[in-house]
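Chemist: Mind having a look at this structure? Questions to follow.
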Amino acid sequence: MNNPWTLYDELIAGIPAEPTVQYYQGGYHWSRVVSSEGSVGLAMTIPLISRPSLSEEASLIGRPLRQVAELVKSWNFVEAAIGMAAINSWYNQPLRAAACGFSHPGIEKGKREAFDVYFGEAKGKKVAIIGHFPFIEKRFSGHCDLSILERDPDFGDFPDSACEYLLPKQDYVFITGSTFVNKTLPRLLQLSEGARAVIVGPSTPLAPFLFDRGVYGLSGFVSSDIEKLEDALRGANNMHLFDAGLMVDQIREKTALNGQEM
Numbered sequence: 220m221n222n223p224w225t226l227y228d229e230l231i232a233g234i235p236a237e238p239t240v241q242y243y244q245g246g247y248h249w250s251r252v253v254s255s256e257g258s259v260g261l262a263m264t265i266p267l268i269s270r271p272s273l274s275e276e277a278s279l280i281g282r283p284l285r286q287v288a289e290l291v292k293s294w295n296f297v298e299a300a301i302g303m304a305a306i307n308s309w310y311n312q313p314l315r316a317a318a319c320g321f322s323h324p325g326i327e328k329g330k331r332e333a334f335d336v337y338f339g340e341a342k343g344k345k346v347a348i349i350g351h352f353p354f355i356e357k358r359f360s361g362h363c364d365l366s367i368l369e370r371d372p373d374f375g376d377f378p379d380s381a382c383e384y385l386l387p388k389q390d391y392v393f394i395t396g397s398t399f400v401n402k403t404l405p406r407l408l409q410l411s412e413g414a415r416a417v418i419v420g421p422s423t424p425l426a427p428f429l430f431d432r433g434v435y436g437l438s439g440f441v442s443s444d445i446e447k448l449e450d451a452l453r454g455a456n457n458m459h460l461f462d463a464g465l466m467v468d469q470i471r472e473k474t475a476l477n478g479q480e481m
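Numbering (the working numbering), first residue to last: 220 to 481.
Structure representation (structure tokens):
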């Protein structure tokens, strides 16, 4: 991928001109956008505002969703999270995602682990995870040759700069969707060309064209209960957001449902 903006431009171009922003909020952990069609999108808030905002508007409410989605290209990451949430409010609309083949492994609220879909096929493989995910170390411990890369590493993690050296040697690479916001995703996908790259987390857009751009799997968040989601995001424990929606998955050229390939 010669132009790293290509993925972003394609995501933005896939949003029709008609929908507008009904509501938006840049939260401490999660930013969200609700569109005029009643769908909500999330993106992780990255508190980096070293660059000025692209938008000069006092409010984004009523502006075209596609126009707000363009803010994902901002180097002000707080603003970029709003842009990514706008993108996800289109692609992660529940009925739209289902029509594109995305489904939940157990079709039940509250199941959080995207990695369950890939657990069987990753056995004994070299697996790298970009970012920390709840309980994943325990789930995969002893199951595969696991490497965790983090921008703010804990003991035992690799610093994220190790990606240049580690990712080309992996069989599976799980990448947090927040890399759309900090603009590292295009390079991470390039480094993972020899692996099965899976983008995971609530920041992930459920855009099927990504399967044609080197992505093996997508695991993102959908919610049709915006009021419950808002209550969850206002609370101290942001993991409650999973009680207001579902993590849904799809693998390239096949749908993962109840752990089976179809």
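Virtual Cβ for every residue (Gly too), placed ideally from N, Cα, C. What you are looking at is a predicted structure, and each value in this text was computed from that prediction instead of being measured.
Taking only the alpha-carbon atoms, compute the straight-line gap between residue 355 and residue 349 and give it to the nearest angstrom.
Modeler: Roughly 12 Å separates the two Cα atoms.
Chemist: Taking the C-alpha atoms as reference points, what is the distance between residue 386 and residue 235?
Modeler: Their Cα atoms are separated by approximately 35 Å.
Chemist: Just how far apart, CA to CA, sit residue 239 and residue 256?
Modeler: Approximately 8 Å between the Cα atoms of the pair.
Chemist: Helix, strand or coil: which one does DSSP assign to residue 374?
Modeler: Looking at residue 374 - three-state DSSP - the assignment turns out to be coil, as it is neither helix nor strand.
Chemist: Quick check: what's the CA-CA separation for residue 480 versus residue 469?
Modeler: Note that residue 480 scores 38 on pLDDT, short of 50, meaning its location in the model is unreliable; the coordinates nonetheless yield the value given after this. Approximately 10 Å, taken between the alpha carbons.
Chemist: Can you tell me whether residue 309 is buried or exposed, with buried defined as 16 or more other CB within 10 angstroms of its CB?
Modeler: It is buried - the Cβ of residue 309 has at least 16 other Cβ atoms within 10 Å.
Chemist: Determine the closest residue to residue 339 out of 352, 318, 317, 362, with distance taken between C-alpha atoms.
Modeler: Cα-wise, what sits closest to residue 339 is 362.
Chemist: With DSSP run on the structure shown, which of helix, strand or coil describes residue 327?
Modeler: Since pLDDT at residue 327 reaches only 47, below the 50 mark, its modelled position is unreliable, and no value is offered.
Chemist: Compute the Euclidean distance between the alpha carbons of residue 299 and residue 416, then round it to the nearest angstrom.
Modeler: Cα to Cα, residue 299 sits roughly 23 Å from residue 416.
Chemist: Could you check how far apart the C-beta atoms of residue 421 and residue 436 are, in whole angstroms? I think they sit under 8 Å.
Modeler: At roughly 16 Å, the Cβ-Cβ gap does not stay under 8 Å, so residue 421 and residue 436 are not in contact.
Chemist: Starting from residue 470, trace the beta strand (DSSP E) in both directions and tell me its first and last residue.
Modeler: Run containing residue 470: 465 to 470, per the beta strand (DSSP E) assignment.
Chemist: Within the continuous alpha helix (DSSP H) that includes residue 395, where are the two ends?
Modeler: No alpha helix (DSSP H) contains residue 395, which is instead part of the beta strand (DSSP E) from 391 to 395.
Chemist: Do residue 260 and residue 307 come within 7 Å of each other at the CB atom, strictly closer than that value?
Modeler: Yes. Within cutoff.
Chemist: Hey, quick one: how far does the alpha helix (DSSP H) through residue 224 stretch, first residue to last?
Modeler: Element bounds for residue 224: n/a, residue is neither H nor E.
Chemist: Rounded to the nearest angstrom, what separates residue 413 and residue 345 at their Cα positions?
Modeler: So the alpha carbons of these two residues sit roughly 12 Å apart.
Chemist: Quick check: the Cα distance between residue 403 and residue 426, rounded to an integer number of angstroms?
Modeler: Distance between the alpha carbons of residue 403 and residue 426: 18 Å.
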